[in-house]
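Worksheet for the structure shown next.
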Amino acid sequence: REEKPPVETEYHYGPPTVGPDTEGLIGHVRRCSGEWTVGSFDPVGGQDTPGAVNNCTIFTAGNCGDLATLIHDIQGDSSSSPIEGSAGVVIEGIVVGDYQDNTTRLGGFFVQEEDPDADASPMTSEGIFVFDGSFGVDVSIGDKVRVQGDVTEFQGLTELNNVTLVSICGSDQSLPASVQIDLPLADLSEWESYEGMLVEIAGPLAVSDSYFLGRFGQVTLSKMGRLFRPTGVVTPGAESLELQDLNNRRRILIDDGSRIQYPDPPVPPLDSGGTLRPGDTINNLSGVLDFRSGEFTLLPATPPVYQTGNPRPPDPPTVGGTLKVASFNLANYFTTLDTGAAICGPSGDINCRGANTASEFSRQRAKIIAALVGLNADIVGLIEIENNATASIQDLVNGLNNVLGMGSYAFIDTGTIGTDAIKNALIYKPATVTPTGSFAVLDSSVDPLFNDIYNRPSLAQTFEEISTGEHVTVVVNHFKSKGSSCDVLGDPDTGDGQENCNLTRTNAATALANWLETDPTSSGDPDFLIVGDLNSYTMEDPIATLASAGYEDLIQSFIGSTGYSFVIDGEAGPLDHALASPSLFARVEGAAEWHINADEPSVFDYNEEFNPPQFYSPDPYRSSDHDPLLIGLRLAPIPTETPTATASNTSTPTPTPSDTPTLTSTFTPTDTSTATLTLTDTATSTETHTPISTSTLTETPTNSIDYDIIDDDHIDAKDLLEWLKEDFNIGSIFDFARVWGR
Numbered sequence: 004r005e006e007k008p009p010v011e012t013e014y015h016y017g018p019p020t021v022g023p024d025t026e027g028l029i030g031h032v033r034r035c036s037g038e039w040t041v042g043s044f045d046p047v048g049g050q051d052t053p054g055a056v057n058n059c060t061i062f063t064a065g066n067c068g069d070l071a072t073l074i075h076d077i078q079g080d081s082s083s084s085p086i087e088g089s090a091g092v093v094i095e096g097i098v099v100g101d102y103q104d105n106t107t108r109l110g111g112f113f114v115q116e117e118d119p120d121a122d123a124s125p126m127t128s129e130g131i132f133v134f135d136g137s138f139g140v141d142v143s144i145g146d147k148v149r150v151q152g153d154v155t156e157f158q159g160l161t162e163l164n165n166v167t168l169v170s171i172c173g174s175d176q177s178l179p180a181s182v183q184i185d186l187p188l189a190d191l192s193e194w195e196s197y198e199g200m201l202v203e204i205a206g207p208l209a210v211s212d213s214y215f216l217g218r219f220g221q222v223t224l225s226k227m228g229r230l231f232r233p234t235g236v237v238t239p240g241a242e243s244l245e246l247q248d249l250n251n252r253r254r255i256l257i258d259d260g261s262r263i264q265y266p267d268p269p270v271p272p273l274d275s276g277g278t279l280r281p282g283d284t285i286n287n288l289s290g291v292l293d294f295r296s297g298e299f300t301l302l303p304a305t306p307p308v309y310q311t312g313n314p315r316p317p318d319p320p321t322v323g324g325t326l327k328v329a330s331f332n333l334a335n336y337f338t339t340l341d342t343g344a345a346i347c348g349p350s351g352d353i354n355c356r357g358a359n360t361a362s363e364f365s366r367q368r369a370k371i372i373a374a375l376v377g378l379n380a381d382i383v384g385l386i387e388i389e390n391n392a393t394a395s396i397q398d399l400v401n402g403l404n405n406v407l408g409m410g411s412y413a414f415i416d417t418g419t420i421g422t423d424a425i426k427n428a429l430i431y432k433p434a435t436v437t438p439t440g441s442f443a444v445l446d447s448s449v450d451p452l453f454n455d456i457y458n459r460p461s462l463a464q465t466f467e468e469i470s471t472g473e474h475v476t477v478v479v480n481h482f483k484s485k486g487s488s489c490d491v492l493g494d495p496d497t498g499d500g501q502e503n504c505n506l507t508r509t510n511a512a513t514a515l516a517n518w519l520e521t522d523p524t525s526s527g528d529p530d531f532l533i534v535g536d537l538n539s540y541t542m543e544d545p546i547a548t549l550a551s552a553g554y555e556d557l558i559q560s561f562i563g564s565t566g567y568s569f570v571i572d573g574e575a576g577p578l579d580h581a582l583a584s585p586s587l588f589a590r591v592e593g594a595a596e597w598h599i600n601a602d603e604p605s606v607f608d609y610n611e612e613f614n615p616p617q618f619y620s621p622d623p624y625r626s627s628d629h630d631p632l633l634i635g636l637r638l639a640p641i642p643t644e645t646p647t648a649t650a651s652n653t654s655t656p657t658p659t660p661s662d663t664p665t666l667t668s669t670f671t672p673t674d675t676s677t678a679t680l681t682l683t684d685t686a687t688s689t690e691t692h693t694p695i696s697t698s699t700l701t702e703t704p705t706n707s708i709d710y711d712i713i714d715d716d717h718i719d720a721k722d723l724l725e726w727l728k729e730d731f732n733i734g735s736i737f738d739f740a741r742v743w744g745r
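Below is the structure:
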């Protein structure tokens, strides 16, 4: 907030005059802040009179009802008080917010000018915070009080402190009218005009962030739905900056008005079985507008009542397919405890991360395993696991196998990769896939464009799906974060919304696309799936670079602009991605995020330093700060020729060109039931995949199923075969002889 110097006090005296609109003699006029006011002809204590210069806003403590400084004169029309530093200032008004406990609360109360004494300026606030510490006079909302203290700016909040007087002049007074606010504001400076006042914000409002709910009792609310990261929605530059400005103007932080961190009992609604989450909503909200830690906050007059709009998802979304691939940032899974010693990394000279104690690690491990068990993926790309030989990845696989059965998961043994404390890794189910060939690593030795000091080396491994014999290469990535600068690389934050190190990430994306063109695992198969934490939002340059190389953004394709895996500063966005090569994209049946982490308060994580113990549960919620991704693939081969007959044909007509041949094919599926297939073929050529007309199927009460072919939609014979295979749950596709029209 821009701080401006206080305005000097000015005095203007003149001869008494009687005006047409006055009832008596006017002593003089004065200007103490922004407006000219009529001075008293019979002032209290000799102040406000001609003669030596006096401070015209200061009155003696006096009695209730005596002259007092109007609060809007203290607030002024700028970000700081025009009389900052003035001592012994007296105000009189109504208590609209009581937070007096200096140990557990804010240590003071809010006073607002009575409505008849408010000025007409929309720029000046009528409220002020009184920091009375342990002064000792207990006030209540609705009290009319007379207060004397010094005008100060405390971290941008205009307040009275060093209080020498608190007199209660009356109780149960009518509260001043609330200021009605409808977000988004026209300009953020409007908040200053309401500082310390009762306000009512029109709803509905959506929860955009509950990260600090358990720690500070804070929730970010926003009008027009939850907030999304601008560069996840629009192009970086002018568009994203415009959207960022709108986001800033349509949000408000609410706070419980407490000094206590991690309160016990917690601020409702919060317990280990559920919590307030982004996407939940609330109707109109009223309270006092405060300013703390550089941000305007609303202190609700009554406990907010929310409507659930985003409940915890008990299971991952359904993504279809026969093979599931997941991507999961583990938020530093280290078997080496972080005791403060620099003993981690391949060289044993880097600070460790993750759990600080054995107890914390046990809690972290249980949550991560619960999440991975829930994902139930055949292949999982892991990000932020300790970069040691095998200890951490082996420990995680052991934990999974203890739950699911020995041999359920195995890992790709890469040893250490790169020089950082963390690396990328892969685990898989040996029952469904088999690694083929050797893994491959992209680092600066492969392409100098890929800076492996800032980006973590990418890991690629080809897998064969056992049931189909098909192959897919999964590539796990972790690009440079936005949190620290790359100025030393000549890659600063350019201010277009992509933040720090955008060029470093973009170069990594270019190197990745070029590397995959070389088929680094020698698979001979064009199906590549890029997954991981790319630390880039959908519309940013790194994702655009991969898209220009032909890769399809699966979250964008299957979810759209509302996809997200991470929440920061109250804004949700997709930092984690899955992108498919053109050939693989045709075989993707679904992609989704499992929102078990980004929407959860931090108080549910594994840390023990402050989190009350009753918040912990060995479940997947807040197992990390990133949501995992899940992708459904169907790699089954597409037949290129008409299958040969293995079923018994009950009819083998030899049609003429005008005939409409009918073929009845009987087969015995693996479940020993019998199905009768009736095909009416209007084809007039001998092409293997000539379309047949079909759309209607009827299932009889017996084990026979009739597929009646009518002239409606068109599908290839190969598609119909796959359709039947699914319906009858047959292990391998059945074949039959076609009789083509001539």
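Counting from 4, one number per residue, gives the positions in the sequence shown under the working numbering. Note that CB positions come from ideal geometry on N, CA and C, so glycine has one too. For clarity, every value in this text was computed on a predicted model and none was experimentally measured.
Range of the contiguous alpha helix (DSSP H) that encloses Lys370: Ala361 to Leu378
Evaluate Leu111 with the Cβ neighbour count: other Cβ atoms within 10 Å of its Cβ, from every protein chain shown; 16 or more gives buried, anything less gives exposed. Note on identity: in this sequence residue 111 is Gly, with Leu being the wrong assignment. It counts as buried.
For Tyr197, does the three-state DSSP call read helix, strand or coil? helix
Count the other CB atoms within 10 Å of the CB of Glu67; is the residue buried (16 or more) or exposed (fewer)? According to the sequence as given, residue 67 is Cys; it is not Glu. Per the 10 Å Cβ criterion, exposed.
My assumption, with CB atoms under 8 Å, is that Ile748 sits in contact with Phe414. Please give the rounded CB distance. With the chain represented from 4 up to 745, any question about residue 748 goes unanswered, as that position is not in the structure.
Candidates Pro631, Asp381 and Asp608: closest to Ile430 by CA position: Asp381
Rounded to whole angstroms, what's the CA-CA distance from Asn404 to Ser411? Just pull it up for me. 6 Å
Determine contact between the stretch 121-128 and the stretch 69-76, defined as no fewer than three beta-carbon pairs at a distance below 8 Å. yes
Just to confirm the assignment: which complete alpha helix (DSSP H) runs, minimum length 4, are found wholly within the stretch 472-521? 505-520
So for Gly410, helix, strand or coil by DSSP? coil
Nearest-angstrom Cα distance between Phe134 and Glu203? 24 Å
Among residues of its own chain, excluding the 5 on either side of Leu582, which ones have a beta-carbon nearer than 7 Å to its beta-carbon? Ile533, Leu549, Tyr554, Glu555, Asp556 and Leu557
Once the 5 residues before and after Ala373 are set aside, which same chain residues still bring their CB inside 8 Å of it? Pro621, Asp622, Pro623 and Ser626
Every unbroken beta strand (DSSP E) inside the stretch 413-466 [3 residues or more]: 425-431 and 436-445
Expected contact under 8 Å - CB spacing of Gly173 and Val291 to nearest Å: Actually they do not touch by this definition, with Cβ atoms about 20 Å apart.
Thinking just about the alpha-carbon of each residue, which of Arg356, Lys483 and Pro281 is nearest to the one in Ala575? Pro281
Here's the rule: buried if 16 or more other CB atoms are within 10 angstroms of the residue's CB, otherwise exposed. What is Asp674? Residue placement at Asp674 is poorly supported in this model, since its pLDDT is 37, which falls under 50; the coordinates still yield a value, given next. Exposed, because fewer than 16 other Cβ atoms sit within 10 Å of the Cβ of Asp674.
The beta strand (DSSP E) spanning Leu301 covers which residue range? Glu298 to Pro303
Within 10 Å of its beta-carbon, does Phe613 have 16 or more other beta-carbons around it, so buried, or fewer, so exposed? exposed
Hey, could you find the ends of the beta strand (DSSP E) Ala241 is sitting in? From DSSP, Ala241 is part of no beta strand (DSSP E) but of the alpha helix (DSSP H) over Ala241 to Arg252.
Could you pull the start and end residues of the alpha helix (DSSP H) that Asp76 belongs to? Ile74 to Gln78
Of the residues Glu596, Asp602, Val606 and Asn600, which one's Cα is nearest the Cα of Ile634? Glu596
Are the Cβ atoms of Asn503 and Lys485 separated by less than 7 Å? yes
Which value, in whole angstroms, describes the spacing of the CA atoms of Ser539 and Val479? 15 Å
Locate the alpha helix (DSSP H) running through Ala180, then write down its first and last residues. Looking at the DSSP string, Ala180 is not in any alpha helix (DSSP H), and its letter there is neither H nor E.
Selected residue, minimal CA-CA separation from Pro349, among Phe442, Ser551 and Asp423: Asp423
Under the three-state DSSP convention, the category Gln310 falls into: strand
Of the listed residues Gly440, Ile420, Glu468 and Thr439, nearest to Ile456 (C-alpha basis): Ile420
Within its chain, find whatever has a CB closer than 6 Å to the CB of Asp146; leave out the 5 residues flanking it on each side and keep chain order. Val98, Ile171 and Ser174
Are Leu326 and Leu519 close, meaning C-beta to C-beta below 7 Å? no
Cut-off 7 Å between Cβ atoms - residues of its own chain near Gly260, not counting five sequence neighbours on either side: Tyr102, Arg108, Leu109 and Leu302
Three or more C-beta pairs under 8 Å: does that hold for the stretch 463-474 against the stretch 427-441? yes
For Asp499, which residues from the same chain have a beta carbon less than 6 Å from its beta carbon, with the 5 sequence-adjacent residues on both sides left out? Pro239 and Gly240
Could you tell me which of Asn335, Arg295, Asp318 and Ile285 sits nearest to Thr311, measuring between CA atoms? Ile285
Cβ-Cβ separation, Gly235 to Pro577 (assumed contact under 8 Å), whole Å: 6 Å
With DSSP collapsed to three states, give me the class of Phe607. helix
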